[in-house]
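Read through the structure below, which is laid out as structure tokens, and then see the notes.
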Amino acid sequence: MMSILVHLANSEPIKLDVEALPNPNDTVLVGRNPRDHVDRELNWIDEGVRMVILPWWRINYVQVLPSAEEQEEFPLLFRND
Numbered sequence: 075m076m077s078i079l080v081h082l083a084n085s086e087p088i089k090l091d092v093e094a095l096p097n098p099n100d101t102v103l104v105g106r107n108p109r110d111h112v113d114r115e116l117n118w119i120d121e122g123v124r125m126v127i128l129p130w131w132r133i134n135y136v137q138v139l140p141s142a143e144e145q146e147e148f149p150l151l152f153r154n155d
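Position one of the sequence shown corresponds to residue 75 (this note's numbering), numbered consecutively onward.
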């Protein structure tokens with residue numbers, strides 16, 4: 075499972091967990107555990123919702139977030155964490 079940051083048109087980005095990266099032929103993006111970029115609940119998603127299906131026409135771009143192991147392997151020197 076990997077985490078992605080989905081940048082929606084006219085909205086704040088949301089973080090989702092996906093099994094695999096989407097296929098170029100897909101018309102929707104299916105993700106689990108929707109949350110904001112700092113892992114808080116989203117106020118526009120009903121309580122208890124664990125999966126969302128987003129149409130590609132609403133998505134500007136997707137960022138693939140590094141796992142904890144990848145962050146340790148390649149530290150970014152210009153970031154102060």
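For each residue, glycine too, the CB sits at the ideal point set by N, CA and C.
Open item on the list: Cutting at 7 Å between CB atoms, please list the residues of its own chain near residue 124, excluding the five before and the five after it.
Closed with: 106 and 107
Open item on the list: For residue 104, count the other beta carbons within 10 Å of its own beta carbon; 16 or more makes it buried, fewer makes it exposed. Which is it?
Closed with: exposed
Task: Reference residue 122; option with closest CA among 129, 85, 130 and 109 - done: 109
Open item on the list: Here's a check: name, in chain order, each residue in its chain whose Cβ is nearer than 7 Å to the Cβ of residue 132, leaving out the five neighbours to either side.
Closed with: 82 and 83
TODO: Compare the C-beta of residue 129 with all C-beta atoms of chain C and state if any pair is closer than 8 Å.
DONE: Protein chains in the displayed structure number just one, and chain C is not present.
- [ ] With a threshold of 16 other CB atoms inside 10 Å of the CB of residue 112, please say whether the residue is buried or exposed.
- [x] Exposed, since its Cβ has fewer than 16 Cβ neighbours within 10 Å.
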